[in-house]
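S.K.: One structure is given below, represented as structure tokens, and several questions about it will come after.
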Amino acid sequence: MQITDGKISIPVPALFSFQECLHFLDRGYDDCLYSIGDGYVIKPLEIGGKKQLIRIKEGTNSLEVEMLNEKPEPLILQLVGRWVEDWFDLNRDLTLFYKLLDEHAQLSFMVENFRGLRLMGIPNLFEALCWCVIGQQINLTFAHRLKRRLVETYGTAISYQGQPYYYFPKPEVLAELDVEQLKTLQFSRQKAEYTIGIATAFARGELSKDKVKSQPSSEQMLQKLQRIRGVGKWTANYVLMKSLARMDCIPYGDSGLNTAVASFLKLDRKPTQQEVNNFFAPFNGWESYLVIYLWRTLS
DNA sequence: TTCCAGGCAGTAG
DNA sequence: CTACTGCATGGA
């Protein structure tokens with residue numbers, strides 16, 4: 129990572145495609161927590177309690193990060209750079225995963241077709257959990273609408289060139305809400321209760337990214353997460369993958385995953401958990417990436 | 001109209 | 001243990 133003149137230049141690894149990553153972020157959904165333009169993404173993020181707004185473009189074998197709202201000191205720039213590396217999962221060598229894909233009779237086409245697609249993270253665990261609750265069992269268009277209402281109502285924003293850029297609401301804010309307030313945003317009673325419960329757990333310090341991280345194994349991380357009401361097997365696996373960058377997660381029950389696996393196995397029904405496990409077996413240690421690539425086949 | 005979406009908890013057997 | 005049900009809305 130190089131920092132010169134208030135800008136950050138991050139070298140990208142082999143098997144990286146900015147275009148594939150942007151495609152993932154775009155996908156036709158209206159997301160309120162970043163903004164995609166032609167060849168760039170603008171993202172608001174908080175570093176050390178300070179609100180930053182960054183624009184990420186592609187350079188020559190690099191990502192170029194520009195600070196849009198202020199010119200912070202080099203230490204902060206360093207942290208912003210690390211955050212971007214985290215978001216795009218840049219510090220991962222995908223050679224082995226690609227070798228496994230290449231050896232696979234049905235999936236080897238992904239090596240060329242999806243080349244360089246990375247696991248785009250949701251570094252904020254609280255946000256990731258809320259997003260799962262919102263997305264549970266409803267169509268993604270409506271899920272994005274619900275998220276937008278939550279963020280625009282209870283989040284904070286900064287303005288850049290006349291446009292507001294929103295930060296996800298703080299747990300302390302959502303923890304103070306009552307169910308009826310979220311129901312006016314068209315949350316179901318259940319989604320409202322789960323969201324407030326998760327916010328309360330974070331606000332009280334019962335749950336945090338560090339607390340989940342400190343568990344010795346993925347299995348125990350899953351168990352810690354699933355103790356929270358509203359967090360089941362699907363959500364726990366999803367957030368371990370997206371927020372903690374664990375590589376061995378399969379969000380069992382995911383309808384998109386079921387659709388993709390059923391299609392490769394030529395089933396006219398949902399695959400059983402055993403069939404999903406068998407399908408994933410050759411990708412031991414790379415399950416999360418395979419999930420991302422299977423979802424990619426659907427869009 | 002009915003069915004089902006990037007599920008989950010609660011209950012019954 | 002498995003099977004079923006309510007939840008909320010919108011698109012196919």
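Once you know that position 195 of the first sequence is 323 in our numbering, the rest is easy, because the numbers rise by one and skip nothing.
Where a beta carbon is used, it is the ideal one built from N, C-alpha and C, also for glycine.
Determine which residues share a DSSP beta bridge with Thr284 and list them.
M.R.: Tyr295
S.K.: Does the beta-carbon of Leu395 have 16 or more other beta-carbons within 10 angstroms, so that it is buried, or is it exposed?
M.R.: Looking at its Cβ environment, which holds fewer than 16 other Cβ atoms inside 10 Å, Leu395 is exposed.
S.K.: From Ser427 to Arg155, what does the alpha carbon distance come to, in whole angstroms?
M.R.: 7 Å
S.K.: Is it buried or exposed for Ala233, if we count other Cβ within 10 angstroms and need 16 for buried?
M.R.: exposed
S.K.: Looking only at C-alpha atoms, which of Thr269, Thr363, Leu313 sits nearest to Thr281?
M.R.: The closest CA to that of Thr281, considering only Thr269, Thr363, Leu313, is found on Leu313.
S.K.: Please state whether DSSP places Thr269 in a helix, a strand or coil.
M.R.: helix
S.K.: Under three-state DSSP, which class holds Phe181?
M.R.: In the sequence as displayed, the identity of residue 181 is Leu instead of Phe. Leu181: strand per DSSP, three-state reduction.
S.K.: By the 10 Å Cβ neighbour count, where 16 or more other Cβ atoms means buried, how is Thr300 classified, buried or exposed?
M.R.: According to the sequence provided, residue 300 is Glu. The question's Thr does not apply to it. Counting C-beta atoms within 10 angstroms of its own C-beta, Glu300 has fewer than 16 neighbours from the protein chains shown and is therefore classed as exposed.
S.K.: Would a C-beta distance cut-off of 9 Å place Trp441 and Pro251 closer than the cut-off?
M.R.: This structure gives no information on residue 441, because the portion of the chain shown stretches from 129 to 427.
S.K.: Within its chain, find whatever has a CB closer than 7 Å to the CB of Trp215; leave out the 5 residues flanking it on each side and keep chain order.
M.R.: Met248, Gly249, Pro251
S.K.: Measure the CB-CB distance between Pro399 and Val389 and report whether it falls below 9 Å.
M.R.: Contact flag set, yes.
S.K.: Consult DSSP for Ile420 and reduce its assignment to one of helix, strand or coil.
M.R.: Looking at Ile420 - three-state DSSP - the assignment turns out to be helix.
S.K.: Can you look up Gly165 in the DSSP assignment and give me helix, strand or coil?
M.R.: strand
S.K.: Using a threshold of 9 Å, state whether the C-beta atoms of Met129 and Glu213 are closer than that.
M.R.: yes
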